[in-house]
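Oh and the sequence shown: position 246 is 246 in the UniProt record's numbering, straight run, nothing missing.
Every residue gets a Cβ at the ideal spot worked out from N, C-alpha and C, and that includes glycine.
Following: one structure in structure tokens, then a few remarks.
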Amino acid sequence: MTHIFQAISYSVCFGIISVLMSLSTVYLIKKNKYRLLCGVAALFTCFSYFLLMSIIVVQINSNVLTRLYLLLLILLLAPVVLLTLLSSFLFIWNGIIVFNRESHSIGNLLTLIIGVGLMIVPILFSVFNRYMPNNKIIYLIENISYGFQNYLLFWILTFISSYMITKLVRPKANKEYAIILGSGLLDGDTVSPLLASRIMAAVGFKRMQCKKYRKSMKLIMSGGQGKDESLPEALAMKTYAIKQGIPEKDILVETKSKNTYDNMLFSKKIIESNGFDVDKGIFATNDYHVFRAAGFAHLVGLNIDGIGSKTSKYFLPNALIREYIAILKNHKIFHITMMIIIVIANIMSTFVYGK
């Protein structure tokens, strides 16, 4: 009887934890879904349900149920394990595609660099351990490198979870304005395909809202003039939108911004000067950029959602990695501190407790 009561109490306890984790995740998403904390909460919620299901299956002690549960786990984990094993090859393959289709900047070579690194590092440590066995320095460096790798992997999973959350939750169609974030012009005066996709994402939302709710909205073209551009990006964007059938009276321009923070800050001044409700708006950019851009919007006091234009599938991994690195830089003190802790823990493990 005591054993049965104990088994039920474990299930109830983990059930309560899972429900509380779910409620916390929903609360965080509703409060501000553009935070890595939402991704962390989502990951821990999934893990809590995994533990709950495992406990229930063990307690029921049914061979059929156990086999079905193991089969389900295999089906869920097999793709993850396969992708992990093939990650270096997949990164290199993607890197070669990007190399052949895009400019050869460091930012566009990230997947290629990561793929080569994932392939070479284990080989190097294997060689070192073979020819210098029981070398504590090599052992320490290896453990630190894998510690960093696992740490960064956790935050990559967190970022991907956060990114997926922003993709699943769509903004309501009750907006008064849309800020369209500028980007570089082709030949100094022509809207690029990337920038055109941002404009059309906002245009599509505007048309949907007008058709479904008969509520119009203004488009704020936001983009200054770069050194190699003959006119501000916002003016080129305005011309492009007019050609797509948007009335000129529905377009406002912001021509001072140099980066995403400026886009939001200067657009907010236009929003306030026109008497719009600052909370009834959206911004449009590429889908991979929505998460980080929302951080700048909230920083200047614009609690608005973003909509993203589609990115070529071959370029998406590279783009997400760039955004991930930029987000890490925004919290560099925290991450540097955590990496120092990883180094200290490995030194203690190797030279103090490893004796």
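Discussion item. Does the structure place the region 155-170 close enough to the region 202-218 that three or more beta carbon pairs sit under 8 Å?
Written reply: no
Discussion item. Using 8 Å as the cut-off, can you tell me whether the region 43-53 makes contact with the region 16-28, which would need three or more C-beta pairs spanning the two stretches below that distance?
Written reply: yes
Practice prompt. Return the CA-CA distance between Ser349 and Ser197, expressed in angstroms with no decimal places.
Written response: 52 Å
Worksheet entry | Sequence-distant residues of the same chain with beta carbon closer than 8 Å to Ile342, five excluded per side | Ile144, Gly147, Phe148 and Tyr151
Worksheet item: How far does the alpha helix (DSSP H) with Asn63 in it reach, from first residue to last?
Response: Asn63 to Leu85
Worksheet entry | Pick from Ser257, Val57, His298 and Leu302 that is closest to Asp277, judged by C-alpha positions | Leu302
Worksheet item: On the three-state DSSP scale, how would you describe Ser222?
Response: strand
Worksheet item: For the beta strand (DSSP E) that Leu181 lies in, which residues bound it at each end?
Response: Tyr177 to Leu181
Item to complete: Tell me whether the beta-carbon of Met179 lies closer than 9 Å to the beta-carbon of Ile304.
Response: In the sequence as presented, Met is not what sits at residue 179; that position holds Ile. Their beta carbons are under 9 Å apart, which means Ile179 touches Ile304 by this criterion.
Discussion item. Here's a check: name, in chain order, each residue in its chain whose Cβ is nearer than 8 Å to the Cβ of Met1, leaving out the five neighbours to either side.
Written reply: Because the pLDDT at Met1 is just 49, under 50, the model does not fix this residue reliably, and the value given afterwards should be weighed accordingly. Counting only Cβ-Cβ distances below 8 Å, and skipping sequence neighbours, we find nothing.
Worksheet entry | Where the beta strand (DSSP E) containing Leu252 begins and where it ends | Ile251 to Glu254
Item to complete: Report all residues from its chain with a CB closer than 6 Å to the CB of Glu102; omit the five preceding and five following residues, and keep chain order.
Response: Asn108
Worksheet item: Considering Asn286, what are the terminal residues of the beta strand (DSSP E) in which it resides?
Response: Gly281 to Asn286
Discussion item. Which complete alpha helix (DSSP H) runs does the region 23-62 hold, if anything under 4 residues is left out?
Written reply: 36-60
Discussion item. Given a cut-off of 9 Å on the beta-carbon distance, is the pair Ala241 and Glu254 in contact?
Written reply: no
Worksheet item: Do Ser11 and Ile55 have their C-beta atoms closer together than 9 Å?
Response: yes
Practice prompt. Output the boundary residues of the alpha helix (DSSP H) element that contains Asp187.
Written response: Looking at the DSSP string, Asp187 is not in any alpha helix (DSSP H), and its letter there is neither H nor E.
Practice prompt. Name the two residues that bound the continuous alpha helix (DSSP H) containing Asp262.
Written response: Thr260 to Ser273
Worksheet item: Which class does Ile307 belong to by DSSP, given the choice of helix, strand or coil?
Response: strand
Discussion item. Considering only the alpha carbon of each residue, which of Leu65, Ala236, Leu112 and His104 lies closest to Leu186?
Written reply: Ala236
Discussion item. Comparing C-alpha positions only, which one of Ile120, Met164, Leu299 and Thr158 sits nearest to Leu328?
Written reply: Thr158
Worksheet item: What did DSSP end up calling Val169 once you bin it into helix, strand or coil?
Response: coil
Worksheet item: With a cut-off of 8 Å, do at least 3 Cβ pairs link the region 225-233 to the region 308-315?
Response: no
Worksheet item: With a Cβ-Cβ cutoff of 9 Å, do Val121 and Leu112 count as a contact?
Response: no
Discussion item. Which residue wins for smallest C-alpha separation from Ser161, given the options Asp189, Gly226, Phe291 and Ile123?
Written reply: Phe291
Item to complete: Would you tell me roughly how many angstroms separate the C-alpha atoms of Lys59 and Phe334, rounded to the nearest one?
Response: It is Gln, not Lys, that sits at residue 59 in the sequence shown. Those two C-alpha atoms are separated by around 41 Å.
Discussion item. Please identify the residue among Gly306, Tyr288, Leu82 and Tyr27 whose C-alpha is closest to the C-alpha of Tyr314.
Written reply: Tyr288
Practice prompt. Note down, in chain order, each residue of its chain lying with its Cβ closer than 6 Å to the Cβ of Leu195, except the 5 sequence neighbours on either side.
Written response: Ser183
Worksheet item: With a CB to CB cut of under 7 Å and the five nearest residues on each side skipped, what residues in its chain are close to Ile246?
Response: Val203 and Leu219
Worksheet entry | Val57 versus Leu76 - alpha carbon distance | 17 Å
Discussion item. Please state whether the Cβ-Cβ distance between Phe154 and Glu142 is less than 9 Å.
Written reply: no
Discussion item. Given this structure, state the Cα-to-Cα distance separating Asp250 from Tyr177, to the nearest angstrom.
Written reply: 9 Å
Discussion item. Helix, strand or coil for Pro232? Go by DSSP, reduced to three states.
Written reply: coil
Practice prompt. Starting from the C-beta of Tyr163, find all residues in its chain whose C-beta is less than 6 Å away, skip the five residues before and the five after it, and write them out in chain order.
Written response: Phe291
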